[in-house]
Structure formats: C-alpha cells, structure tokens
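Once you know that position 292 of the sequence shown is 347 in this note's numbering, the rest is easy, because the numbers rise by one and skip nothing.
Everything on this sheet refers to the single structure shown next.
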Amino acid sequence: MGNVLYVLTGPTAVGKTELALQWAEENGAEIVSCDSLLVYKGMDIGTAKPTREELGRIPHHCIDIVPVNKRFSVKNYEQVAHEAIESILSRGKNVLITGGSGFYLKCFFSPIADAVDVPEAIVHEVLELYHKEGLAGLVEALRERNPSGTGKVELKNPRRVIRALEKCMTTGQEITAMEEAFAGQTSPFDKFEKRVCMLTRSQESLKERVRSRVKQMLQAGLLPEVARLKDQGILDNYSAARSIGYRESLSYLEEPTSLQDLEDLITQNTMQLVKKQKTWFKYQIKVDHTIDLDIEKCPDLDQLFG
Numbered sequence: 056m057g058n059v060l061y062v063l064t065g066p067t068a069v070g071k072t073e074l075a076l077q078w079a080e081e082n083g084a085e086i087v088s089c090d091s092l093l094v095y096k097g098m099d100i101g102t103a104k105p106t107r108e109e110l111g112r113i114p115h116h117c118i119d120i121v122p123v124n125k126r127f128s129v130k131n132y133e134q135v136a137h138e139a140i141e142s143i144l145s146r147g148k149n150v151l152i153t154g155g156s157g158f159y160l161k162c163f164f165s166p167i168a169d170a171v172d173v174p175e176a177i178v179h180e181v182l183e184l185y186h187k188e189g190l191a192g193l194v195e196a197l198r199e200r201n202p203s204g205t206g207k208v209e210l211k212n213p214r215r216v217i218r219a220l221e222k223c224m225t226t227g228q229e230i231t232a233m234e235e236a237f238a239g240q241t242s243p244f245d246k247f248e249k250r251v252c253m254l255t256r257s258q259e260s261l262k263e264r265v266r267s268r269v270k271q272m273l274q275a276g277l278l279p280e281v282a283r284l285k286d287q288g289i290l291d292n293y294s295a296a297r298s299i300g301y302r303e304s305l306s307y308l309e310e311p312t313s314l315q316d317l318e319d320l321i322t323q324n325t326m327q328l329v330k331k332q333k334t335w336f337k338y339q340i341k342v343d344h345t346i347d348l349d350i351e352k353c354p355d356l357d358q359l360f361g
C-alpha cells in the first residue's frame, strides 16, 4: 500500500476505536493517534484513552507523550507524528491515523498555522494576564501589538486570543504579516497520499452514546482523575484544563452540585462539540468515503477507504 496515510475520523463517540483496531489488525497497520488530549499523561478516563488491552492489540503512537502541565502544540504534534509515520513505513507497515481533533488532523492536509515555539516565560505571562484581566485584557493587549488589525483571530475565543498574543510576543510580528506568510506554505505531509474515511451517526444516536460514555467515565473515576491532574498542574495548561469533561469536573470540585447535573453538563457540552466537529469535517478536509454506522453496523473492513 506504499506511501499512503489511511485516515479514519469522525465525531466524538461515533465508534472509531474498535473499527480502527479491527482494520489495523487486518491490514498490518500501526495506529497514529490524532487526538490533542491523548498526548497528555494521566488524562485517561476523560479522554476515553485506549485501554491497556487495546494498546496491546496494535502498536499506538502519539499517546502519553508529555505531562499535563506542559503544553503540546500542533507543531509539536506534527514533528512526533512525522517521526512515527516514517518509522512505521520503514518497517513495511501501513499507517492508520485515527482521531477527531481538527487542528491536528488538518496538519496532514494544510500548512501549520501554529508553528511558532513560544518560550515558557511568555506562556506564563499571557496566562497571568488572562487570570488577572480576563478575555478583555487579552484582546486589549493583542490590539496594542497589532495596529494593522487582528486578522482572522476569533476575539471571543480565549484560546485563540491567547495563542495569537503569544505568537506576537514571541516573533515581534503582527498577525496580518504572519497570516500573509502562512498563505504561501504547504503541508508537511504533502508527499503522502491520503485516503480518508469518515464515520458518522445521527445526532440522536450520538447523544445516546455520549451520555452512556459520560456516565461510564464518572463511574470509572473521572473526578479522582481530575483531582490528581489538578495536583499535577493541569491549570497551567489552558487547553487541557478547558477541555470538555475536565473543565466541568474542575468546577465541580470547587463548587460541588449533583453528579447528575455534572453528567448532564458534560453531555450537553460534548454534543455542542459534536455539532462543531461535523461542520468542520464538512468544510475542512476532503473525505473519500463516509460510513453511517447507524445503517452499516458491521461495515466491510475492505471498503473503509473505498
């Protein structure tokens, strides 16, 4: 199958994990995770990280790379994923990329917009500003550094504003200049052929699966996991601390309500993410084959990639 990257994606809770394992077993493949949270050690229950048994069935890459208090950028991911892919192919194995994290997934098809390595001192300075002055303080600081305008930055999204401000402080450049430079770049994975299968289900089916998953996570010890991660410094990592399942649990540990309220909130926020994911897949990547798992409950593995 040569220089091909097989990509199995779809929204949260659609059923990627088991199908990926089956296809990898049938096709002599190793799995490269494309999930922005699985890279963190200790973020296990709330991310539905593959179990030890699942990890034992097929070699996995890009999982459990860094401690939770260390941020891991798309550029970091690209470097680790590229190394893993080259290693897998050199051993005559096929590569199966699986996951649903949009910015990680997009680096296989487009240039990386997040390629600036930000020093820890700047990371902490920007986070401190956010904690003291909130989103309004971040936006004001960003505008001061960008008299030509803030370009395509989503000013209502704290994570986007944080990252934009960090890049401006690191490079000394304005956003518009960086966006112009970005437009002329290519994907670091351009030399590979990509074949993409997207899994989907109805919104009703996904909500049922999400609620079941959230219930299982809470029963499996999500709250104790989040308490441990808090001790390990998750609050120093904005992206990890604000991820669904973790941010709600952190709030619950500070001001407990009821477990049912927590379950409902995580389910609601996950379904909002699912909706965004479906929209993103529709417009951001070229999909070769789509499988509705409500209809094809046991899809033919030979037909996953058309």
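Each residue gets a CB set at the ideal place from its N, CA and C atoms; glycine is no exception.
Assigned secondary structure, residue i (DSSP; H/G/I helix, E/B strand, else coil)
| i | result |
| --- | --- |
| Cys223 | helix |
| Met98 | coil |
| Gly85 | Sequence inspection shows Glu at residue 85; the Gly mentioned does not correspond to that position. Here Glu85 sits in strand by DSSP. |
| Ile321 | helix |
| Thr72 | helix |
| Asp343 | coil |
| Val208 | coil |
| Thr64 | strand |
Exposure of residue i, with buried meaning 16 or more beta-carbon neighbours within 10 Å
| i | result |
| --- | --- |
| Pro279 | exposed |
| Asn292 | buried |
| Gly155 | buried |
| Gly389 | This structure leaves residue 389 out entirely; the chain is present only between 56 and 361. |
| Ser91 | buried |
| Gln332 | buried |
| Ser304 | buried |
| Arg115 | Looking at the sequence itself, residue 115 is His, so the reference to Arg does not match. Buried is the call here. |
| Ile140 | buried |
| Glu248 | exposed |
| Ile350 | exposed |
| Ser306 | exposed |
| Tyr338 | exposed |
| Cys89 | buried |
| Lys222 | buried |
| Arg364 | Given a span of 56 to 361 for the chain in the structure shown, any question on residue 364 remains unanswerable. |
| Cys117 | buried |
| Glu85 | buried |
| Ala191 | exposed |
| Ser298 | buried |
| Thr64 | buried |
| Thr312 | exposed |
| Thr241 | exposed |
| Pro354 | buried |
| Ala236 | exposed |
| Leu359 | buried |
| Leu74 | buried |
Per DSSP, cross-strand counterpart(s) of residue i
| i | result |
| --- | --- |
| Val329 | Val329 pairs with nothing; no bridge assigned. |
| Val59 | Glu248 |
>> Which runs of the beta strand (DSSP E) at least 3 residues long sit entirely within the segment 119-190? Give them in chain order.
In response: 149-153
> Curious, which full-length alpha helix (DSSP H) runs of at least 4 residues does the segment 225-285 contain?
Replying inline: 230-237, 258-275
> Quick check: the segment 97-107 against the segment 139-146, are there 3 or more CB pairs under 8 Å?
Replying inline: no
> If we count Cβ pairs, one from each stretch, closer than 8 Å, do we get three or more for the segment 239-259 versus the segment 183-191?
Replying inline: no
> Should the segment 68-77 be called in touch with the segment 259-273, which here means at least 3 C-beta pairs below 8 Å?
Replying inline: yes
>> Does the contact criterion of 3 or more C-beta pairs under 8 Å hold for the segment 121-137 versus the segment 100-110?
In response: no
>> Below 8 Å, how does it come out for the segment 246-253 and the segment 338-345: are there three or more Cβ pairs, yes or no?
In response: yes
>> I'd like to know if the segment 161-175 and the segment 321-330 are in contact, where contact means that at least 3 CB-CB pairs between them fall below 8 Å.
In response: no
> Is there contact here, the segment 214-231 with the segment 129-143, by at least three beta-carbon pairs under 8 Å?
Replying inline: no
>> Across the segment 197-214 and the segment 269-284, are there enough close Cβ pairs to call them in contact, namely three or more that are closer than 8 Å?
In response: no
>> I'd like the ranges of any beta strand (DSSP E) spanning at least 3 consecutive residues and lying wholly in the segment 290-318.
In response: none
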